[in-house]
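K.L.:
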Amino acid sequence: MSSDETSPVSESELAGLLARKRARAARRLSLLLYHLDGVRTVQLAEGMSLVIGRDAPADVTVRDNSLSRQHATIELSGGQVWVEDLESTNGTRIDGERVEQRTLLPVGAELTLGAVVGLLHGDESGDGDLELVESHDRFARELSREVARARAMHRPLAVLMMRASDRSHAGRWLDAITVQLRDFDRVAFYSGGILEVLAPELDGEGAQKLAEAMRAAAASSAALTLGAATLPAHGTSALELLDSAREALLAASPDAPVQLAVSATSAVAQRSAMAGGEAARVSPDSPMARVYATIERVASSSIPVLIQGETGVGKEVVARAIHEHASSKRAAHPLVAVNCGAIPSELLESTLFGHEKGTFTGADARKKGVFESAAGGTVLLDEVGELPKDAQVKLLRVLESKTITRLGSTDEIAVDVRVLAATHRDLEAMCAAGTFREDLLYRLNAMTLHVPPLRERSAELDDLIERFVAAANVANDRRVVGLDEEADELLRRYSWPGNIRELKNAIERAVVIAPSDRIGVDDLPQRVRELASRQTPDVDDDAAGDAEAAAQPLNLKAELSRYEGELILRGLRAASWDRHEAARLLGLPLRTLHHKMRSHGIKRLAYERDGEG
């Protein structure tokens, strides 16, 4: 045999080579378990057999109620991974096929244990960042904190949601998109197939670029569609931004895979339009019946109406009901809504009153503002309490003269509109503090409507839940029929500080993640599960010191202390718990405010504090 000829390999040698190859591969095998609280990495070793389940004595525990206590075994033998179901309640599947006996799990196949998805990886590349994936509940808490920071510092931020066009599990493309994220970005599972990303300091353009980069990075694994919303353009609270990002995701398609949320000038009108018809669903004994009775009286006139109520109660719906009422002379004309807190201060005047071509960089053409666009109809100034003082002066002038002047022009243009204003703030307290003009308040509140919070409208819960479940079923191709008894009871005991918007967000996500055709307790937000069992009703904030002060002997010192605590709490509420703004409203140094908050025991609700998801 010549020296350059290759000696034949015997069957025993070939078997040895294959065994060594499998052993080398086995040293790099890991099972990634994706659940709604994050990702669990399980390193596998040759000869190892592990039990996966919900609780001990399982070797690998994942706190997910879709798992049995001892659900299945995973064994690495001869470089291959084998799965065996342990008579679990919800079953074990590989690529959708139920595991009835010991079955081979190939690399890349999708293992489903109840609602937990496992993917077998043949190497360790890209696994380092997976432990940073958060639960949705923790993500929502961090988003609330980041929104407060960004608003206080007048900085942007973006929320993105994404899913694969084929609805594959996010674990298949998670590695690819996390490579595009910065160290301070956050990523979480909204559901098994939907990821959500919090990207501080990104505006609309930055969010668009990030979305395109993540889509390109994941292209070899999945065709992604993405929706994005930014602060302040598409919302000024965590609930609004999540809502806007989700609506943008639903609007995305393979032909238009990246969608930004609708602009601030149309978002309010669009949301209220989607919630239309509420008046017909209100029972006569509901607190909302009084609101709609007042609408009957004021709809035919053109007087300004101030609509007050907590965030998320449906102030936009009330505004649309006034505008579209059968007796309204303006129903055939536009309702143009603008969120005053969502427009950067430098663009506010242009948004409201329009501008001439060349007035500023980017003003390539003349543009009508909100008041001109609503000619003959109605202008809704949502969150009017967020208007800066200089804009308040100009708005007052428009209300008095019924004319506007475009930015960059001196010509006055007559406008015929009805003005509705909405706010969750105490405008009278703001007037007393000098942050809102008293003469403007008098112009806006010729009639005041107070929209009661959801906790006072329990009779409406059934109808609202039914509508939100139905809409979420259509949007996500689900067949959820309702809530189980325990989940239904929890929803009724919870106080809904975020009101209808919070309920809508909770139901929509529950429909997406529910493993069966009924929403269970584990499908509800953590704050609902934790707070609903309390005996006392919860609201947006918790003045724990009030009860202590009231229990003291009735004397001047105690009464003054109680009154001081009430004033501080009122200031914090008026400032939406922005402590810098509250200190300014109260005329106190920030350090003094912090000291007095501690002495009175004033703090936020537990679910808004730091904590693990």
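Residues 1185 to 1797 (the numbering used here) are what the sequence shown spells out, left to right.
Glycine included, every Cβ here is placed at the ideal spot set by N, Cα and C.
Within the continuous alpha helix (DSSP H) that includes R1776, where are the two ends?
P.N.:
On the sequence shown, position 592 is the one that residue 1776 refers to. It should be pointed out that residue 1776 corresponds to Thr in this sequence rather than to Arg. It spans 1774-1784 - the alpha helix (DSSP H) in which T1776 sits, taken as one unbroken run.
K.L.:
Roughly how many angstroms separate the alpha carbons of S1349 and T1225, rounded to a whole number?
P.N.:
The count along the sequence shown starts at 1 and reaches residue 1349 at position 165. The count along the sequence shown starts at 1 and reaches residue 1225 at position 41. Cα to Cα, S1349 sits roughly 26 Å from T1225.
K.L.:
Going by beta-carbon coordinates alone, are A1429 and A1413 separated by less than 7 Å?
P.N.:
One-based indexing of the sequence shown puts residue 1429 at position 245. One-based indexing of the sequence shown puts residue 1413 at position 229. It is a contact, given that the beta carbons lie within the stated cut-off.
K.L.:
Can you give me the Cβ contacts of G1704 inside the same chain, cut-off strictly under 6 Å, excluding the 5 residues immediately before and after it?
P.N.:
As a position in the sequence shown, residue 1704 is number 520, starting the count at 1. So the list reads D1668, A1671, once near-sequence residues are dropped.
K.L.:
Cα-Cα, which of S1529, R1474, A1354 is closest to H1338?
P.N.:
Start at 1 with the first residue of the sequence shown, and residue 1338 comes out as number 154. Among S1529, R1474, A1354, the Cα nearest to that of H1338 belongs to S1529.
K.L.:
In the structure shown, what three-state DSSP assignment does E1230 receive?
P.N.:
Position 46 of the sequence shown, counted from the start, is the residue given in the question as residue 1230. Three-state result, E1230: coil.
K.L.:
For N1523, which three-state DSSP category applies?
P.N.:
On the sequence shown, residue 1523 is found 339 positions in, with the first residue counted as 1. If DSSP states are grouped into helix, strand and coil, N1523 belongs with the strands.
K.L.:
What residues in its chain sit with their C-beta under 7 Å from that of V1665, if we drop five residues either side in the sequence?
P.N.:
Here residue 1665 corresponds to residue number 481 of the sequence shown, with the count starting at 1. So the qualifying residues of the chain are D1701, R1702.
K.L.:
Note down the Cα distance separating R1238 from D1661, rounded to an integer number of angstroms.
P.N.:
In the sequence shown, residue 1238 corresponds to position 54, counting from 1. In the sequence shown, residue 1661 corresponds to position 477, counting from 1. Each residue's Cα considered, the two are about 29 Å apart.
K.L.:
Who pairs with T1296 in a beta bridge, going by DSSP?
P.N.:
On the sequence shown, position 112 is the one that residue 1296 refers to. For T1296, which the question treats as bridged, DSSP gives the partners R1277, V1301.
K.L.:
For E1732, which residues of its own chain have a beta-carbon under 7 Å away from its beta-carbon, when the five flanking residues on both sides are left out?
P.N.:
Your numbering for residue 1732 matches position 548 in the sequence shown. For E1732, the pLDDT reaches just 34, beneath the cut-off of 50, and the residue's location in the model is therefore unreliable, leaving the point undetermined.
K.L.:
Report back the beta-carbon spacing between P1340 and E1396 to the nearest angstrom; my notes put them in contact at under 8 Å.
P.N.:
The sequence position of residue 1340 within the sequence shown is 156, counting from 1. The sequence position of residue 1396 within the sequence shown is 212, counting from 1. Rounded, the Cβ-Cβ distance is 18 Å, inconsistent with contact.
K.L.:
Excluding five sequence neighbours on each side, which residues of the same chain lie with their C-beta closer than 8 Å to the C-beta of P1241?
P.N.:
For this step, residue 1241 is matched to residue 57 along the sequence shown. So the qualifying residues of the chain are V1235, Q1254.
K.L.:
Any chance you could list the alpha helix (DSSP H) runs of at least 4 consecutive residues sitting entirely within the stretch 1320-1387, in chain order?
P.N.:
As far as the stretch 1320-1387 is concerned, its whole alpha helix (DSSP H) runs of at least 4 residues are 1320-1337, 1358-1362.
K.L.:
Report all residues from its chain with a CB closer than 7 Å to the CB of S1456; omit the five preceding and five following residues, and keep chain order.
P.N.:
Locating residue 1456 in the sequence shown gives position 272, where the first residue counts as 1. With a pLDDT of only 47 at S1456, under 50, the local geometry of the prediction cannot be trusted, and no value is derived from it.
K.L.:
So what's G1569 in DSSP terms, helix, strand or just coil?
P.N.:
By 1-based counting over the sequence shown, the position of residue 1569 is 385. Helix, per DSSP.
K.L.:
Taking just the CA atoms, how far does A1613 sit from H1779?
P.N.:
Stepping through the sequence shown from its first residue, residue 1779 is reached at position 595. Stepping through the sequence shown from its first residue, residue 1613 is reached at position 429. When rounded, the distance between both Cα atoms is 22 Å.
K.L.:
Per DSSP, which one or two residues make a beta bridge with V1442?
P.N.:
Stepping through the sequence shown from its first residue, residue 1442 is reached at position 258. Paired residues: L1410.
K.L.:
Which of the three DSSP states, helix, strand or coil, is assigned to K1499?
P.N.:
The residue you call residue 1499 lines up with position 315 of the sequence shown. In this structure, K1499 counts as helix in the three-state DSSP scheme.
K.L.:
For the alpha helix (DSSP H) holding R1685, just list the boundary residues, first then last.
P.N.:
Mapped onto the sequence shown, residue 1685 falls at position 501. Unbroken alpha helix (DSSP H) run through R1685: 1683-1697.
K.L.:
Give the DSSP bridge partners of Q1264, in chain order.
P.N.:
In the sequence shown, residue 1264 corresponds to position 80, counting from 1. Answer by DSSP bridge pairing, in chain order: S1261.
K.L.:
How would you write the range of the beta strand (DSSP E) that E1596 sits in, first residue to last?
P.N.:
As a first step, residue 1596 is located in the sequence shown; it is residue number 412 there, counting from the start. 1596-1598 is the extent of the beta strand (DSSP E) around E1596.
K.L.:
In or out: L1532 buried (at least 16 other Cβ within 10 Å) or exposed?
P.N.:
Position 348 of the sequence shown, counting from 1, holds the residue named residue 1532. When all chains shown are included, L1532 counts as buried.
K.L.:
Considering just the uninterrupted stretch of the beta strand (DSSP E) at V1475, what are its terminal residues?
P.N.:
Along the sequence shown, read from residue 1 onward, the residue named residue 1475 stands at position 291. Taken as a continuous stretch (DSSP letters only), V1475 belongs to no beta strand (DSSP E), being part of the alpha helix (DSSP H) at 1471-1482.
K.L.:
What are the start and end residues of each continuous alpha helix (DSSP H) run of 4 or more residues lying completely inside the stretch 1613-1651, in chain order?
P.N.:
Entirely contained in the stretch 1613-1651, the alpha helix (DSSP H) runs reaching 4 residues are, in chain order, 1622-1628.
K.L.:
Quick check: V1317 and V1246, are their CB atoms within less than 7 Å of each other?
P.N.:
Against the sequence shown, residue 1317 aligns to sequence position 133. Against the sequence shown, residue 1246 aligns to sequence position 62. In this structure, V1246 does not lie closer than 7 Å to V1317 by Cβ.
K.L.:
Helix, strand or coil for Y1218 per DSSP?
P.N.:
Residue 1218 sits at position 34 when you count from the first residue of the sequence shown. Strand, per DSSP.
K.L.:
In whole angstroms, what separates the C-alpha of E1389 from that of E1431?
P.N.:
The residue you call residue 1389 lines up with position 205 of the sequence shown. The residue you call residue 1431 lines up with position 247 of the sequence shown. Looking at the two C-alpha atoms, the distance is approximately 18 Å.
K.L.:
Would you please state the rounded distance, in angstroms, between the beta carbons of T1587 and R1514? I believe it to be under 8 Å.
P.N.:
Here residue 1587 corresponds to residue number 403 of the sequence shown, with the count starting at 1. Here residue 1514 corresponds to residue number 330 of the sequence shown, with the count starting at 1. Incorrect: roughly 18 Å between the Cβ atoms, too far for contact.
K.L.:
Between the stretch 1438-1447 and the stretch 1467-1477, are three or more C-beta pairs nearer than 8 Å?
P.N.:
Touching, no.
K.L.:
Considering Cα atoms alone, identify which of M1398, L1408, A1400, A1391 is closest to L1415.
P.N.:
Locating residue 1415 in the sequence shown gives position 231, where the first residue counts as 1. Checking every option, the nearest Cα to that of L1415 belongs to A1391.
K.L.:
Would you identify the three-state DSSP class for Q1492, choosing helix, strand or coil?
P.N.:
Counting from one through the sequence shown, the residue named residue 1492 turns up at place 308. Strand, per DSSP.
K.L.:
So E1556 packs on V1603, CB below 8 Å; how close in whole Å?
P.N.:
By one-based count along the sequence shown, residue 1556 stands at place 372. By one-based count along the sequence shown, residue 1603 stands at place 419. With a Cβ gap of about 14 Å, E1556 and V1603 do not count as contacting.
K.L.:
Can you check which of these residues, G1496, T1287, G1592, is closest to F1537 by C-alpha distance?
P.N.:
Counted from its first residue, the sequence shown places residue 1537 at position 353. Among G1496, T1287, G1592, the Cα nearest to that of F1537 is on G1592.
K.L.:
Report buried or exposed for V1522, applying the criterion of at least 16 other Cβ atoms within 10 angstroms of its Cβ.
P.N.:
As a working note, residue 1522 is residue 338 in the sequence shown. Buried is the call here.
K.L.:
How big is the Cα-Cα spacing for S1351 and G1231?
P.N.:
Position 167 of the sequence shown, counted from the first residue, corresponds to residue 1351. Position 47 of the sequence shown, counted from the first residue, corresponds to residue 1231. The sequence given here places Arg at residue 1351; Ser does not occur at that position. Cα to Cα, the separation comes out at about 35 Å.
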